Amino acid sequence: MSVRATARVTAVRDDRGATSLPVLESEGPLAPRRTRSLTAGSARVTVVGAMSGPLGGDRLAIEVRAEPGARLTVDSAAATVALPGPGSDSGPAHYEVRLTAGEGARLDWLPEQLISAHGSELIMRTTAELAPTARLVLREEQILGRHGETTGTLFSRLTVRRGGRPLLDQQTAHGPGAPGGWDGPAVLGGYRAVGQLLFVEPSFEERGPESRLLGPTAVLTRLAGPAVLVTAVAADAKELRAVLDHAQEELKTDGPG
2 MSVRATARVT
12 AVRDDRGATS
22 LPVLESEGPL
32 APRRTRSLTA
42 GSARVTVVGA
52 MSGPLGGDRL
62 AIEVRAEPGA
72 RLTVDSAAAT
82 VALPGPGSDS
92 GPAHYEVRLT
102 AGEGARLDWL
112 PEQLISAHGS
122 ELIMRTTAEL
132 APTARLVLRE
142 EQILGRHGET
152 TGTLFSRLTV
162 RRGGRPLLDQ
172 QTAHGPGAPG
182 GWDGPAVLGG
192 YRAVGQLLFV
202 EPSFEERGPE
212 SRLLGPTAVL
222 TRLAGPAVLV
232 TAVAADAKEL
242 RAVLDHAQEE
252 LKTDGPG
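Below is the structure:
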């Protein structure tokens, strides 16, 4: 039997300048829990998987709102593993992430990897709505197949709007059913880990990092707005995380943090 569930997180700034969490709701396999933040005045939420998933046929969603002035980090306790459904007619699983950041808010979306297991089919959609003065750090990491197996089918789309205007809209497809060439030398080139790191920083309007290579398999691209996108491929999850962590530390020095 397929699962339909939505988790909701809302962060607000109180009169003392601290961030509180008036909404922390969970359903099904998505269980957001408040955890200790290492930054004064900010809140941290860790999403814990209460059961396996998403399985074929499941429809899962998580909605995260950082109201004006709030500072919120959302991460996860473990990787998300897309698995085949219980029957041949289960259909694809759907996983939606909806992020909103108000004026002066800071939202860090830093989940663990998404693993596309052999035989699975997942449609992943991430959307972010940002106020003009909001800051966003978003990391996505996709691992195509568990150790020793081929990948499942993974369709992923990321759409970011700032002040109601498009900032980034891109779609990728990997695995059986994806357009030909997805694993060719012009795309993944045989690598099985692919990730990206998006920094939206209002101060980049005046001065921001320039587009450049970050190594043989990673590139930083300056977008048409106060944002940069790091895209990387790697042999495995550990190597991919190292590349994105290095890029994140570098980018922190270019903005006010």
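Numbering (our numbering), first residue to last: 2 to 258. From the three backbone atoms N, C-alpha and C, an ideal C-beta is built for every residue, glycine too. This structure is a prediction, so every number in the text was calculated from the model and none was measured.
Counting only residues of its own chain and dropping the five nearest sequence neighbours on each side, Ser157 has a CB closer than 6 Å to the CB of Met125, Thr173. Beta-bridge pairing by DSSP links Asp170 to Thr160.
By the neighbour-count definition (other C-beta atoms within 10 Å, threshold 16), Asp59 is a buried residue.
Approximately 7 Å separates the beta-carbon atoms of Ala194 and Ala236; this is inside 8 Å, confirming the contact.
Measuring C-alpha to C-alpha distances from Glu64 to each of Val13, Val161, Thr127, Gln114 identifies Thr127 as the nearest. The C-beta distance from Pro33 to Val10 rounds to 5 Å, short enough to meet the 8 Å contact threshold. Bounds of the beta strand (DSSP E) holding Gln143 are 136-145. Residue range 238-253 is occupied by the alpha helix (DSSP H) that includes Asp246. The C-beta separation of Ala71 from Thr36 comes to about 16 Å, leaving the pair out of contact by the 8 Å criterion.
At a Cβ-Cβ threshold of 9 Å, Arg140 and Leu100 do not count as neighbours. Ser77 sits in a strand when the DSSP states are folded into three classes. By the beta-carbon neighbour count (other beta carbons within 10 angstroms, threshold 16), His175 is buried. Put simply, the stretch 75-91 touches the stretch 113-123. At least three CB pairs are less than 8 Å apart.
Apart from the 5 residues on each side of it in sequence, Gln171 sits with its Cβ closer than 6 Å to the Cβ of Leu159 in its chain, given in chain order.
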